[in-house]
Ligand SMILES: C[S@@+](CC[C@H](N)C(=O)[O-])C[C@H]1O[C@@H](n2cnc3c(N)ncnc32)[C@H](O)[C@@H]1O
């Protein structure tokens, strides 16, 4: 089961995807989404990424969804925030200040729970989704965020060299998933760091998605 796969990764501390600092494609390109302080950003499959802290520091309201409750709690702890915790169906909603994180399955989140969303930041989220679930993921993300603009960071590599996750998300796939709803621009691509870079010559790519008028 998908959830158990990820919970085991967290339990066994096999979280090589967690970066020790905010992602530099985020810090470099996020301003191109044109958000102002006070606006809101949704971070699907957010883990305990330091990207969340960086987004908060920009004065944004930040909402995320993550299977692992411990990861969610760590984000509040390192922010020095004492969250209110509410049971909302299959999800646990943690909220304090400008930060709201849902512990549970992103696919169970509704647009009403997500609240107004001005932009989406997807880093290592789409690439974490099983290939067979990607169409449903993109549709659910659009549904819960009213097809918001997006900064999408993923990997492109030869899938025969490594089993995912992370799964390869080549540009053609980004087009297939989002060309019906967004104009798509490649902001930057660079050799990926770490195992995926060494083993597969993967490229890390940042895509900007603007809703079609
Ligand atoms: C590759 S990690 C990326 C985490 C984070 N975005 C980052 O950059 O560090 C994918 C995360 O998504 C979570 N996840 C996978 N499927 C999920 C789902 N359906 N709902 C909520 N979280 C999910 C996993 O627990 C894992 O923490």
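Residue numbers (this note's numbering): 141 to 353. A virtual CB, placed ideally from N, CA and C, is assigned to each residue, including glycine. Just so we're clear, the structure is a prediction, and the values are computed from it rather than from any experiment.
>> For residue 286 and residue 276, what's the separation of their Cα atoms in angstroms?
In response: 15 Å
>> Using the three-state DSSP reduction, which class does residue 210 fall into: helix, strand or coil?
In response: helix
> If you draw a straight line from the alpha carbon of residue 219 to that of residue 321, how long is it in whole angstroms?
Replying inline: 35 Å
>> Looking only at its chain, what residues have a beta carbon closer than 8 Å to the beta carbon of residue 283, apart from the 5 residues adjacent to it on each side?
In response: 251
> In whole angstroms, what is the alpha-carbon distance linking residue 301 and residue 158?
Replying inline: 22 Å
> Residues in its own chain within less than 7 Å of residue 340 by CB, not counting five upstream and five downstream?
Replying inline: 297, 298, 301, 302
> Name the DSSP bridge partner or partners of residue 323?
Replying inline: 350
> DSSP beta-bridge partners for residue 293?
Replying inline: 263, 346
> Buried or exposed: residue 271, going by 16 or more other Cβ atoms within 10 Å of its Cβ?
Replying inline: exposed
> Using the rule of at least 16 other Cβ atoms within 10 Å of the residue's Cβ for burial, across every protein chain shown, is residue 189 buried or exposed?
Replying inline: buried
> Any heavy atom of ligand 1 closer than 8 Å to the CB of residue 335?
Replying inline: no
>> Please report the straight-line C-alpha distance between residue 328 and residue 337, rounded to a whole angstrom.
In response: 16 Å
> Considering only the beta carbon of each residue, do residue 150 and residue 210 sit closer than 9 Å?
Replying inline: yes
> Would you say residue 89 touches ligand 1, meaning its beta carbon is less than 8 Å from a heavy atom?
Replying inline: Lying before the first or after the last residue shown, residue 89 is absent from the chain, which here runs from 141 to 353.
> In angstroms, rounded to a whole number, what distance separates the CA positions of residue 232 and residue 291?
Replying inline: 26 Å
>> Going by DSSP in three states, residue 307 sits in which element: helix, strand or coil?
In response: coil
> What residue from 185, 179, 222 has the CA that sits closest to residue 202's CA?
Replying inline: 179
>> If you measure between the beta carbons of residue 205 and residue 183, is that distance less than 9 Å?
In response: yes
> What separation, rounded to the nearest whole angstrom, lies between the Cα atoms of residue 306 and residue 214?
Replying inline: 23 Å
> Do you know how far the Cα of residue 195 is from the Cα of residue 115?
Replying inline: Only positions 141 to 353 of the chain appear in this structure, which leaves residue 115 out of reach.
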